[in-house]
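Trainee: Okay, here's the structure, questions in a sec.
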Amino acid sequence: MPELPEVELLKRGLTKYVCGQTISSLVVKTPRLVVGEFRQAIGGTIVQVRRFGKMLSVDLSNGWSIAIHVKMTGRLIYRGEKQPTRLSVNPDLEDLPNAHTHVIFSFRSGDRLFYNDVRKFGWLKFLPTSAIASLPFVAKLGPEPFRNLSFEQFVRLFGKISRPTKTLLMDQERVAGVGNIYANEALFCARISPLRKANTLRDKEINTLYECILKVLQDGMNYGGSSTDSFRDVLGQKGNYQNHYKVYDREGKRCKRKGCGGTVKKMKLSGRGTYWCPVCQR
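As structure tokens, this is what we get:
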């Protein structure tokens, strides 16, 4: 599932390519993925795109918004005059719309935005902009790295919680936007075992983990996101962060930490694939 870096990149791409564009028509091919009165979006001009954890809010000039969560395999693909001429070829996105296209936004400029989703877990909700903050998904979100998660708040998360540290990091009500890939990478960076109970971490370890979370999330954005699975940016391009993993998806391989010599292990923790080096992560 796209995490904070990938959804932030979608937000930036939409801001660049569709902000200021007026929706002239909207085709819903798969009604069960759409909630609310989608016709309210027609005639509205996109004034801003906001991100709430892993959810986007596309705000319109007429007081309506489109809340979008791409879940596992959703993609937002722009096609129009602004797209660069030199793009790598993605066969599954060459001919749009296709069998996996569920919503089509057409703009007065002639540009279009496609919502594609192979597994159809994502959703689009059309609602007044004033109601975005009260959506259950948004209302329950915890503080977010780079925005409102201060170090002091982060420290307080660990006080009385005996859950494994990785499980805590992935709890969206406590830390918004961090998912499985970046939790694995941050814990490796901080030399902390994913199994360590959160309330056993020392102050120095918590400080290191806080810095490592910021580092791996920034790395993810700098490398264009992770495309291990289905993520593509708004131009349909793959990210490159998967080529820079230190521990995620490296089961059985030699630990990348200089001088360690350990082997990366994999286990299930809270139902999610968890990677770590038992030699240097304690």
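End of the sequence shown = 282 in UniProt numbering, gap-free, step of one.
Where is the CB? At the ideal position from N, CA and C, for every residue including glycine.
For the alpha helix (DSSP H) that contains THR15, what are its first and last residues?
Mentor: Taken as a continuous stretch (DSSP letters only), the alpha helix (DSSP H) holding THR15 covers 4 to 17.
Trainee: If you reduce the DSSP assignment to three classes, tell me which class GLN242 lands in.
Mentor: Residue state, collapsed to three classes: helix.
Trainee: For a test of the three-state rule: what should DSSP assign to ASN222, helix, strand or coil?
Mentor: Three-state result, ASN222: helix.
Trainee: DSSP state of ALA139, grouped into three classes?
Mentor: Three-state result, ALA139: helix.
Trainee: Return the first residue and the last residue of the beta strand (DSSP E) that GLN83 is part of.
Mentor: Premise fails: GLN83 is in no beta strand (DSSP E) and is neither H nor E.
Trainee: Is MET221 closer than 9 Å to PRO84 when the C-beta atoms are compared?
Mentor: Contact: no.
Trainee: Since THR73 and ARG147 should fall inside the 8 Å C-beta cutoff, what is the C-beta to C-beta distance between them, to a whole number of angstroms?
Mentor: Going by Cβ atoms, the distance from THR73 to ARG147 rounds to 26 Å, so no, they are not a contact pair.
Trainee: In three-state terms, what does DSSP make of ILE161?
Mentor: Correct three-state label for ILE161: coil.
Trainee: Quick check on LYS54: does DSSP put it in helix, strand or coil?
Mentor: Three-state result, LYS54: coil.
Trainee: For PHE52, which of GLN40, LEU135, LEU87 and ASN116 has the nearest alpha-carbon?
Mentor: The candidate whose alpha carbon is nearest that of PHE52 is LEU135.
Trainee: Assess contact between the segment 203 to 220 and the segment 177 to 194, defined as three or more Cβ pairs (one per stretch) separated by less than 8 Å. Is contact present?
Mentor: Output reads yes: the segment 177 to 194 touches the segment 203 to 220.
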